[in-house]
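Accompanying notes for the structure given below.
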Amino acid sequence: MAKDRSNDLSFTEYQVADNGLLDRRLFLKRGLQFGAISTLASSTALASTTKSKTEAVTDFNPISPEWMKKMGAPFSTYGVPSKHEDSVLRFPTQNESVPGNGVSWTPLHLMEGTITPNGLHYERHHNGVPQIDPKKHTLLIHGLVKNDLTFSIDDLLRYPMESKICFIECGGNSNAGWNKQPSRSEAGYFNGMASCAEWTGVPLSVLLDEVGLRKKAKWIIAEGADAFAMQMSIPIEKAIDDAFLALYQNGERIRPENGYPLRLIVPGWEGVLNVKWLRRLKISNRPVMARNETSKYTELQPSGKSRMFTFVIEAKSLITSPSANMLLKEAGLYQITGLAWTGRGKIKQVDVSADNGKTWAQAELQEPVLDRSFTRFRLPWNWNGKPATIKSRAIDETGYVQPERSELVAERGRHGFFHYNAITNWHIDSDGFVSHVYDKDENETTDSNNSIDSGWD
Amino acid sequence: MTKMKMKQLILITVLIAAGTSSLFAESKKGPDLGKSVSPEEITGWEISVFPDGEGLPKGEGSVEEGEKIYQQQCIVCHGENGLGETADQLAGAQMGLTSEYPEQTIGTYWPYATTVFDVIRRSMPMTAPSSLNDNEVYSVTAYLLYLNNLIAKNDVMNSESLPKVKMPNESGFINVYEKEKQR
Chain P
2 MAKDRSNDLS FTEYQVADNG LLDRRLFLKR GLQFGAISTL ASSTALASTT KSKTEAVTDF
62 NPISPEWMKK MGAPFSTYGV PSKHEDSVLR FPTQNESVPG NGVSWTPLHL MEGTITPNGL
122 HYERHHNGVP QIDPKKHTLL IHGLVKNDLT FSIDDLLRYP MESKICFIEC GGNSNAGWNK
182 QPSRSEAGYF NGMASCAEWT GVPLSVLLDE VGLRKKAKWI IAEGADAFAM QMSIPIEKAI
242 DDAFLALYQN GERIRPENGY PLRLIVPGWE GVLNVKWLRR LKISNRPVMA RNETSKYTEL
302 QPSGKSRMFT FVIEAKSLIT SPSANMLLKE AGLYQITGLA WTGRGKIKQV DVSADNGKTW
362 AQAELQEPVL DRSFTRFRLP WNWNGKPATI KSRAIDETGY VQPERSELVA ERGRHGFFHY
422 NAITNWHIDS DGFVSHVYDK DENETTDSNN SIDSGWD
Chain Z
17 MTKMKMKQLI LITVLIAAGT SSLFAESKKG PDLGKSVSPE EITGWEISVF PDGEGLPKGE
77 GSVEEGEKIY QQQCIVCHGE NGLGETADQL AGAQMGLTSE YPEQTIGTYW PYATTVFDVI
137 RRSMPMTAPS SLNDNEVYSV TAYLLYLNNL IAKNDVMNSE SLPKVKMPNE SGFINVYEKE
197 KQR
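Residue numbers (our numbering), protein chains in the order written: chain P, 2 to 458; chain Z, 17 to 199.
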């Protein structure tokens, strides 16, 4: 049983749902009086049990720290994170014979806010990261157009640009959720094939205007300059509506692993359509039926039929802290925080439950809530030291409600692999250890082969 | 109306007229830096193959030749007889798509034979992509279709025969995007 600090202060008047969920304005209401407690909460920390370096250090003098007694380090030409943050890393999982075929997960559970730093943006490559010299890179736009045209990167840098903050999520993100047993990975390491950045580039409509679309133009086939020559078909109306050719990511030129020098961005649609290292746009009257839109990125249903062209990312939320493999050292006040996003517009509401879905409270949404972007939610929680299951549920502006896992599996079976967006439960045991659990009625018996991951080929 | 306002109104009208004369009323205007390319220049660039065979090159390949290439270049990852190793299983499915452990192979899952040619030519083998010539790609495609009992051992694959190969799961897909649009 964890030491109980939950009774040090009485929060009953602020309770908004059962098992200690408190009014989202609690921190504002208590104001300064609350300062001491919030310091306590952050220093007792939601430390990952695997990282001993987060253990408290006590043999130091806070009044006269050593770094105030000598000159600081000089300027740097390109800043890097503090050496004390060197465990905040992407987590790669790749094919054993083709190391460039795989993914690296964004450590969402170690991050706050909504913007993914460029070095932590998730990666999905089919055959590695091409090292492209932008002076030798050409974009071809051809097919059902009046003029087949090529553009150099220097050309494109002269075009009018727009910026958009938006998430990109791989269609295969969170696919461990289809497994019979809950994943034991940290939250980001099975849900972090989703990231959010500010992308800047040329609206595709400007270039389509220049080449002149013919009447029969219905699809664009986008192809990358990687060793896989990855291609995907995208409906022309999306291309005209809001797709753009990004040159910049969070203010700097796109990182090689995210598509340098040119990436197609299709806001709110699954990651694979956001073709990296873009080299060719073929305008067609039909989709090409590429490998990645037929044999992959399609979802086999219980009927034996498969869902195809499932472009839009449906609403999803995830509590990033407390989350799997963290430790709550004592009962008391904590902040539940997480991310929500939807490919259909803005997140309208995120509900949080601390009693496994019996009662719910509305979380505070961090402003500004942006279209097809990560939305940060937070809610104070007074943990009483007893076992509890916490979960979050996103609702988007279309009214769509994020499903429970049992609902999603009932509808789609377990072999779709892609587009898993169900609610995630975190269970906190009486020692404060957090782990991933399914709802009790979903705990299926273990068999010899419970993995359905087909791997990242 | 003041002269000033009149001028503004005319300006706005002109802008709207200019906007609608282009294809996308709201789109910004670029500096038109695109360079024209001839169809000949695009020939080598254009490698997409469509289900009806558009984009397939000249040449042909046999099952026998394909098996030889497969043993040298593909077997390491895709395993003996296409049964899968570190990479996807491509053939030899025992379980159907509605079973507890469905096997999604070329024979049970892929809707179009042309996709096999397309992905081999553009992406395979992973260690040396685009190293096979068109005849070799036709041959490996033929071998994989043969392993899936979709063609006979003596069948030759080329731009005529490949699009005609009947794929068992061609009608097994629901176009979710189209369905949503109609709603």
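We treat Cβ as the ideally placed atom computed from N, Cα and C, and that holds for glycine.
In this structure, Z/ALA107 is the residue among Z/ALA107, Z/SER64 and Z/GLN88 with its C-alpha nearest to the C-alpha of Z/ILE167.
Residues of chain P whose Cβ lies closer than 9 Å to the Cβ of Z/GLY82 do not exist, since the nearest Cβ in that chain is about 18 Å away. Using a Cβ distance threshold of 7 Å, Z/LEU163 and Z/GLY98 count as a contacting pair. P/PRO404 has its alpha-carbon roughly 17 Å from the corresponding atom of P/GLN363.
Leaving aside the five residues that flank P/TYR249 on each side, the residues in its chain whose CB is nearer than 6 Å to its CB run, in chain order, THR201. Taking 7 Å as the cut-off between beta carbons, the residues of the segment 217–240 of chain P near chain Z are ILE222, ALA228, PHE229, ALA230, GLN232 and PRO236, in sequence order. For Z/ASP150, no CB of chain P lies under 7 Å from its own CB, so it is not counted at the interface with that chain. Close CB contacts of Z/GLY71 within its chain, under the 6 Å cut and outside five residues either way in sequence, are with SER64 and VAL65 (chain order). The residues PRO257 and GLU258, in chain order, have a CB closer than 6 Å to that of P/VAL130 in the same chain once the five nearest residues on each side in sequence are set aside. The DSSP-derived three-state label of P/MET309 is strand. P/GLN232 is positioned such that its CB atom lies no closer than 7 Å to that of P/ILE241.
Interface annotation, P/HIS143: in contact with chain Z, CB-CB separation under 7 Å. Pairwise C-beta distances place the segment 144–161 of chain P in contact with the segment 206–219 of chain P, as three or more of them are shorter than 8 Å. Interface residue (Cβ-Cβ distance to chain Z less than 7 Å): P/LEU380 is not classified as such. Interface annotation, Z/ARG199: not in contact with chain P, CB-CB separation never under 7 Å. Listed by position along chain P, the residues whose Cβ is nearer than 7 Å to that of Z/LEU113 are LEU301 and GLY305.
For P/TYR335, the secondary structure class from DSSP, reduced to helix, strand or coil, is strand.
Within chain Z, the residues VAL192 have their CB atoms less than 7 Å from the CB of P/THR311, given in chain order. Distance check between P/LEU111 and each of P/PRO323, P/PHE312, P/ARG292 and P/ALA291 places P/PRO323 closest, using alpha-carbon atoms only. Taking a 10 Å sphere around the C-beta of P/TYR79, we find fewer than 16 other C-beta atoms and assign the residue as exposed.
By alpha-carbon distance to P/GLY193, the top candidate from P/GLY173, P/VAL207 and P/ASP210 is P/GLY173.
For P/ARG308, the nearest CB of chain Z lies under 7 Å from its own CB, placing it at the interface with that chain.
CA-to-CA, the gap between P/GLU398 and P/LEU371 works out to about 11 Å. Annotated three-state conformation of P/GLY400 is coil, per DSSP. Residues of the segment 160–191 of chain Z whose Cβ lies closer than 7 Å to any Cβ of chain P, in chain order: GLY188, PHE189, ILE190 and ASN191. Contact with chain P is absent for Z/LEU106, since none of that chain's Cβ atoms lies less than 7 Å from the residue's Cβ. Look at P/SER354 here: in three-state DSSP terms it is strand. Residues of chain P with a Cβ closer than 8 Å to the Cβ of Z/GLY50 are, in chain order, ILE142, ASN148, LEU150, THR151, PHE152, ASP156, LEU208, GLU211 and VAL212. CA-to-CA, the gap between Z/TYR128 and Z/MET183 works out to about 6 Å. Distance from the CA atom of P/SER436 to the CA atom of Z/GLY50, rounded to whole angstroms, is 55 Å. Residue pairing by DSSP puts Z/VAL172 in a beta bridge opposite Z/SER78.
In the displayed model, P/HIS138 falls within coil according to three-state DSSP, outside both helix and strand. Of the other Cβ atoms in all chains shown, fewer than 16 fall within 10 Å of the Cβ of Z/PRO47; this residue is therefore exposed. Counting only Cβ-Cβ distances below 7 Å, P/TYR261 has no contacts in chain Z at all, with the closest Cβ about 19 Å away. Going by DSSP, Z/ASN191 is part of the beta strand (DSSP E) stretching over 189–191.
Straight across, the Cα-Cα distance linking P/GLU187 with P/LEU319 is about 12 Å.
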